[in-house]
Each structure stands twice: as structure tokens, then as C-alpha cells.
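Working notes, structure below.
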Amino acid sequence: MALIVVAEDDRDIREVMTRVLRRAGHTVVETDDGAAALEAVREQRPDILVSDIDMPRMSGVELSRALRAEPATRELPVVFVSGSLAPGDTRPVQAQVTAVLFKPFVPRELSACVEKVLQGGHVEGQEPSVCP
Numbered sequence: 001m002a003l004i005v006v007a008e009d010d011r012d013i014r015e016v017m018t019r020v021l022r023r024a025g026h027t028v029v030e031t032d033d034g035a036a037a038l039e040a041v042r043e044q045r046p047d048i049l050v051s052d053i054d055m056p057r058m059s060g061v062e063l064s065r066a067l068r069a070e071p072a073t074r075e076l077p078v079v080f081v082s083g084s085l086a087p088g089d090t091r092p093v094q095a096q097v098t099a100v101l102f103k104p105f106v107p108r109e110l111s112a113c114v115e116k117v118l119q120g121g122h123v124e125g126q127e128p129s130v131c132p
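Residue numbers (this note's numbering): 1 to 132.
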């Protein structure tokens, strides 16, 4: 299956996401902020990043922008998982993410979103899809 970096500052949510993705057969690298996630992506070369938006040290938006600026990670699929997005929020578009999943979510929504994004990949300039 896939190697996934999860970036989430809420320990309980991060543990749930990790458990769900591991049960689906994926290998998961956990990080608790955007800066640690950026380092993990550079070192691990994952297949996908699943990230919260609002995190300490580096937000999900800053993280995604940094990844899009680097040739080695420009096409990495990025899924934002957030409870802070409102209709019309442009942060996912500005960050050039691949998809968005809203909190609260049920486990099957997370695994279905990750599978969908892994199959479709990241297409530069494409609007983020909304999961599930």
C-alpha cells in the first residue's frame, strides 16, 4: 500500500487517522506540526500527505505551498482535513491541495478519500475535490 505522512496537532485526531490508515494497509509517519511534516516529506518521500490546516510552527497552507515550490514534491497529493473551513474559504485553492475532508469525519470517509486521491494523483491547477 502507500506511505502516508499525517500532520495533525491534535493527538487524539492524529491517532484516529493513523489507526484508520494503518488498518487500510498503509504505512503512516505521524507529525504534530507543519514544520515536522515538511521534514518528514523531504526525508521519507511519501505517496500522499494528509494534513490539518491550523497547526503550530507552520500551517497546512504554508506546508502545502512549500511542497509546491520544491520540484521533488510539487506533484505530491495533499489532503486537507479540517473543521475550520467555511463555504467559500479559499485556503485550499491557495495552497494547491488535491482534496479536502471536513471534520468530523467517519473512518470510512478518510480511507475512501485517501484511496481516491492516491488513484487520481495531484493535477496542478485543478480545483481541490471535496471528500467523501
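Where is the CB? At the ideal position from N, CA and C, for every residue including glycine. It should be emphasised that the depicted structure is a prediction, and the values quoted were computed from it without experimental measurement.
_Taking the alpha helix (DSSP H) that Val16 belongs to, which residues open and close that run?_
Arg11 to Arg23
*Quick one: give me the first and last residue of the beta strand (DSSP E) that Ser82 is part of.*
Val78 to Ser82
*Buried versus exposed call for Arg91 [16 or more other C-beta atoms within 10 Å across all chains shown]*: buried
_Measuring straight from C-alpha to C-alpha, what distance separates Ile48 and Gly125?_
18 Å
_Check whether Leu63 and Leu38 have beta carbons under 9 Å apart_ = yes
*Close-in-space but distant-in-sequence residues of the same chain around Leu3 (CB under 6 Å, 5 per side omitted)*: Thr27, Pro46 and Asp47
*Using the Cα positions of Val97 and Glu127, report the straight-line distance between them to the nearest angstrom.*
8 Å
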